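S.K.:
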Amino acid sequence: MVIPRRPSAAAAPPGPVQPRDPLDPTDRLAQSHPPHPSESGATPGAIAPPAAIRLEGITKVYGSGNTEVRALRGVDLEILQGDYCSIMGASGSGKSTMMNVIGCLDRPTAGRYFLDGIEVASLGEKELARIRNRKIGFVFQQFHLLPQLSALDNVILPMIYGGIDGRERRDRAIVALERVGLGDRLHNRPNQLSGGQQQRVAIARAIVNEPVLLLADEPTGALDTQTTQEVLDIFSELNRSGITVVMVTHEPEVARQTRRIVWFRDGSILHSHLKPEELTH
Ligand SMILES: Nc1ncnc2c1ncn2[C@@H]1O[C@H](COP(=O)(O)OP(=O)(O)OP(=O)(O)O)[C@@H](O)[C@H]1O
Ligand SMILES: [Mg+2]
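The sequence shown maps to residues 4 to 284 in the working numbering.
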């Protein structure tokens with residue numbers, strides 16, 4: 004039997020040189036591939052936790068013809084259960100598009116997505132909505148609270164969609180608001196709360212259905228330094244309690260507090276396993 008030999012790396016012709024990305028503080032590391040955080044220092048033979056998220060060759064194309072935008076160009080990514088991961092990269096590089104796919108808010112044009120081992124493409128709209136409600140919590144830069152509702156009623160809302168009865172809804176909303184330090188602001192409406200407090204209400208709303216995955220798209224983008232730290236402390240605490248956290252951020256000092264950084268460029272992943280200490284500024 005003839006086994007074809009693979010060409011050795013040394014014999015391969017040199018590939019195209021990647022252009023430098025002036026916005027990429029990790030550029031000096033462009034050729035390095037650090038191991039996954041769960042691998043480094045792991046006991047030999049230890050079993051890695053299962054994947055919370057697995058993307059295989061995900062593409063997303065918006066529009067067609069002259070207006071076509073290829074927002075994701077074949078993204079492969081695995082995020083293990085219990086990880087705390089930040090997504091970075093220049094504006095327009097596809098971060099939010101990927102978060103929308105991960106959060107089942109949008110379907111990819113091609114590729115496969117497994118959430119908690121389930122292939123999302125096989126699910127109908129009803130099942131998808133149920134998974135979004137039960138398994139995933141969302142936090143956005145602009146909070147997206149309903150202005151006419153109190154903090155308590157904003158947090159109760161996802162439980163109404165989830166079919167939980169009235170008494171339990173209220174009790175659970177209070178526990179969630181206490182968990183983010185807002186037990187004394189239950190009846191304030193959003194315009195009676197500071198930006199950081201509004202974001203904490205949004206976090207309480209995101210966790211009240213006890214999701215396995217918390218997705219946050221620039222959650223500290225509208226906050227000052229101190230409030231940013233308060234939000235990050237809550238994320239760390241949620242992650243320690245077992246929730247997988249994935250957060251988009253433009254701020255290196257925010258990303259440094261996560262365990263792993265995924266770097267996007269032009270709809271592709273440039274680095275998938277940067278360590279916080281490898282961000283250069
Ligand atoms: N609904 C849409 N229709 C058409 N094009 C879109 C749509 N949403 C995003 N895009 C385009 O897809 C590309 C990726 O956008 P995306 O919002 O994912 O970037 P991003 O990395 O989140 O940027 P930012 O850091 O500015 O939030 C951009 O070129 C954007 O203009
Ligand atoms: Mg974005």
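Beta carbons: idealized from backbone N, C-alpha and C, even for Gly.
These figures come from a predicted structure and were not determined experimentally.
1) Helix, strand or coil, according to DSSP, for Pro214 in the structure here?
2) Determine which residues share a DSSP beta bridge with Val265 and list them.
3) For Glu71, report the span of its beta strand (DSSP E) as first-last.
4) Evaluate Gln145 with the Cβ neighbour count: other Cβ atoms within 10 Å of its Cβ, from every protein chain shown; 16 or more gives buried, anything less gives exposed.
5) Return the residue from the list Gly169, Ser197, Glu254 that minimises the CA-CA distance to Thr223.
6) Look at the Cβ atom of Ile82, then the Cβ atom of Thr247, and state whether they are nearer than 8 Å.
7) On a CA-only basis, which of Leu149, Ala113, Asp168 is nearest Asn194? Give me that one, please.
8) Are the Cβ atoms of Gly68 and Arg115 separated by less than 8 Å?
9) For Val211 and Ala154, which I take to be in contact (beta-carbon distance under 8 Å), what is that distance rounded to the nearest angstrom?
10) Looking at Ser89 and Ala258, is the spacing between their C-beta atoms short of 8 Å?
11) Please report the distance separating the alpha-carbon of Met58 from that of Ser271.
12) Tell me, please, whether the region 129–147 touches the region 95–114 by the rule of three or more beta-carbon pairs shorter than 8 Å.
13) By DSSP's criteria, Lys63 is part of a beta bridge. Which residues make up the other side?
14) Going by DSSP, name the residue or residues bridged to Phe141.
15) Please confirm whether Val178 and Ile206 have their CB atoms less than 8 Å apart.
16) Could you give the first and the last residue of the continuous alpha helix (DSSP H) run that contains Gly169?
17) So, for Phe117: in the same chain, excluding its five sequence neighbours on each side, which residues have a beta-carbon less than 6 Å away from its beta-carbon?
18) Exposed or buried, Gly186, counting other C-beta atoms within 10 Å across all chains shown (16 or more means buried)?
19) For Ser96, tell me which candidate among Leu282, Gly85, Glu256, Val64 has the shortest Cα-Cα distance.
20) Ends of the beta strand (DSSP E) at Leu273?
21) For ligand 1, any of its heavy atoms closer than 7 Å to the Cβ of Ala74?
22) Please tell me whether Gly85 and Thr62 are closer than 8 Å, where the distance is taken between their beta carbons.
23) Going by alpha carbons, who is nearest to Asp79 out of Ala113, Glu71, Pro53?
24) Measuring alpha carbon to alpha carbon, tell me which of Val158, Gly166, Asn191, Arg188 ends up nearest Arg175.
25) DSSP beta-bridge partners for Ile56?
26) Does the beta-carbon of Ser99 have 16 or more other beta-carbons within 10 angstroms, so that it is buried, or is it exposed?
27) Which residues end up in the neighbourhood of ligand 2 when you take C-beta atoms closer than 7 Å to any of its heavy atoms?
M.R.: Based on what the coordinates show:
1) Sequence index remark: in the sequence shown, residue 214 carries index 211 (1-based). Correct three-state label for Pro214: coil.
2) As a position in the sequence shown, residue 265 is number 262, starting the count at 1. Its beta-bridge partners are Ile90.
3) Here residue 71 refers to the residue found at position 68 when the sequence shown is read from its first residue. Looking at the DSSP string, Glu71 is not in any beta strand (DSSP E), and its letter there is neither H nor E.
4) If you number the sequence shown from 1, residue 145 lands on position 142. Gln145 is exposed by the Cβ-count criterion.
5) In the sequence shown, residue 223 corresponds to position 220, counting from 1. Ranking the options by Cα distance to Thr223, first place goes to Glu254.
6) As a working mapping, residue 82 is identified with position 79 in the sequence shown. As a working mapping, residue 247 is identified with position 244 in the sequence shown. Taking 8 Å as the Cβ cut-off, Ile82 and Thr247 qualify as a contacting pair.
7) The residue you call residue 194 lines up with position 191 of the sequence shown. Of the listed residues, the one whose Cα sits closest to Asn194 is Leu149.
8) As a position in the sequence shown, residue 68 is number 65, starting the count at 1. As a position in the sequence shown, residue 115 is number 112, starting the count at 1. No, the Cβ-Cβ distance between Gly68 and Arg115 is not below 8 Å.
9) Taking the first residue of the sequence shown as position 1, residue 211 is located at position 208. Taking the first residue of the sequence shown as position 1, residue 154 is located at position 151. At roughly 12 Å, the Cβ-Cβ gap does not stay under 8 Å, so Val211 and Ala154 are not in contact.
10) For the purposes of this step, residue 258 is taken as the residue at position 255 of the sequence shown. For the purposes of this step, residue 89 is taken as the residue at position 86 of the sequence shown. Against a cut-off of 8 Å, the Cβ pair of Ser89 and Ala258 comes out as a contact.
11) Numbered from its first residue, the sequence shown carries residue 58 at position 55. Numbered from its first residue, the sequence shown carries residue 271 at position 268. The question names Met, but residue 58 is Leu in the sequence shown. Approximately 12 Å between the Cα atoms of the pair.
12) yes
13) Position 60 of the sequence shown, counting from 1, holds the residue named residue 63. Per DSSP, Leu75.
14) Taking the sequence shown and counting its residues from 1, one reaches residue 141 at position 138. DSSP output for Phe141 lists Leu218 as bridge partner(s).
15) Position 175 of the sequence shown, counted from the first residue, corresponds to residue 178. Position 203 of the sequence shown, counted from the first residue, corresponds to residue 206. Contact: no.
16) Stepping through the sequence shown from its first residue, residue 169 is reached at position 166. Segment 169–182, the alpha helix (DSSP H) holding Gly169.
17) In the sequence shown, the residue the question calls residue 117 occupies position 114. Taken in chain order, the residues that qualify are Arg57.
18) Taking the sequence shown and counting its residues from 1, the one referred to as residue 186 is at position 183. Exposed: under 16 other Cβ atoms inside 10 Å.
19) Within the sequence shown, numbered from 1, the residue matching residue 96 stands at position 93. Checking every option, the nearest Cα to that of Ser96 belongs to Val64.
20) Here residue 273 corresponds to residue number 270 of the sequence shown, with the count starting at 1. Run containing Leu273: 271–277, per the beta strand (DSSP E) assignment.
21) The sequence position of residue 74 within the sequence shown is 71, counting from 1. Within the cutoff, so yes.
22) Along the sequence shown, read from residue 1 onward, the residue named residue 85 stands at position 82. Along the sequence shown, read from residue 1 onward, the residue named residue 62 stands at position 59. In this structure, Thr62 does not lie closer than 8 Å to Gly85 by Cβ.
23) On the sequence shown, position 76 is the one that residue 79 refers to. For Asp79, the nearest C-alpha among the options comes from Ala113.
24) Locating residue 175 in the sequence shown gives position 172, where the first residue counts as 1. The candidate whose alpha carbon is nearest that of Arg175 is Val158.
25) For the purposes of this step, residue 56 is identified with residue 53 of the sequence shown, where counting begins at 1. Per DSSP, Ile82, Leu118.
26) As a first step, residue 99 must be located in the sequence shown, where it is residue number 96. Buried: at least 16 other Cβ atoms inside 10 Å.
27) Lys98, Ser99, Asp220, Glu221, Val251
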